[in-house]
Amino acid sequence: MNGCFGGCLGRVLAFLLLLTLVVVAWRWGPEAWDRVSETTVASEATAVESSPGMAEAVVERLSGFLDNERVGDTEREMSFSGEEMESLLRYELVGYIPDGVSDPSVRFRDGEVTLGLRLAAEQIPAIPELDQIRTLLPDTVPVQIRGRVLALEGPEGALLVHRIDAAGIPVPRRFFPRILQGLSLLERPDLPPEAVAFPLPQGIRSVRLVEDRLVLTSRE
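Read in order, the letters of the sequence shown are residues 1089 to 1308 in our numbering.
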């Protein structure tokens, strides 16, 4: 896989990683993002049934999609399911998922993305609503994060996080700004504090969720 392809797809799918990093930020704060952002995402893929073989097949599809755009083809679109994105996390980005985070899952439904994962209990931050049950938590805690992709002008996108659940307990929205602080790849003061902004790579005009599909549109 060429480096350009890997880097491009990594940015298009950055919001999936950022969702995972939201959880890490509970424990380590903005410096966690600095540590991960120093590493270039060099291999990405998708698969319908979370299999390495099917992941490689989707890499080929997307590589052709970007290559055709670079030689001047007209605008086209490509879409992926949540299951395919789950395969991306499980088989191609596993080396970039921080310690203490495991079993990622991704679902798209009605234009909403839901990321599930398990977080090591010792990494759960000091959130008052969880203090009373902290000693009852298992070794790993199920976490679910939900959000929507926002359409922005220019080659940019954003993820608006509107719900975070830890061990089935909703995290109050007032904690979101602190959790998300420092995770955006772009400075967008016009966005709400619950939004995480990211740049789109060369060759991609937009990224959006349509019902249960992540849709990439190449530039004209």
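Beta carbons: idealized from backbone N, C-alpha and C, even for Gly. Keep in mind that this is a model prediction, so the values were computed, not measured.
In this structure, the beta-carbon distance from G1245 to V1295 falls below 8 Å.
A distance below 8 Å between beta-carbons, with the five flanking residues on each side excluded, links R1236 to the following residues of its chain, in chain order: G1199, E1200, V1201, L1247, L1248, H1250, L1297.
Linking G1256 to I1233 through their CA atoms gives a straight-line distance of about 11 Å.
Around the beta carbon of E1241, fewer than 16 other beta carbons sit within 10 angstroms, so the residue counts as exposed. Residues L1205, R1206 of the same chain have their beta carbon placed closer than 7 Å to that of D1191, with the five preceding and five following residues left out of the count. Here A1145 carries a helix assignment [DSSP, helix/strand/coil]. Rounded to the nearest angstrom, the gap between the Cα atoms of R1261 and V1231 is 15 Å. Residue range 1264-1268 is occupied by the alpha helix (DSSP H) that includes P1265. Straight across, the Cα-Cα distance linking E1172 with L1238 is about 21 Å. For the 8 Å CB-CB criterion, V1189 and L1203 do not form a contact.
At a Cβ-Cβ threshold of 8 Å, A1208 and L1225 do not count as neighbours. Under the three-state reduction of DSSP output, A1208 falls in the strand class. DSSP places E1171 outside any beta strand (DSSP E); the residue lies instead in the alpha helix (DSSP H), whose first and last residues are 1170-1175.
Residue range 1244-1254 is occupied by the beta strand (DSSP E) that includes G1245. About 23 Å separates the beta carbons of R1276 and F1196, which is beyond the 8 Å limit, so they are not a contact pair.
In the three-state DSSP reduction, V1182 falls in the helix class (H, G or I).
Ranked by Cα distance from D1187, the options P1140, L1176, R1178, Q1211 are led by Q1211.
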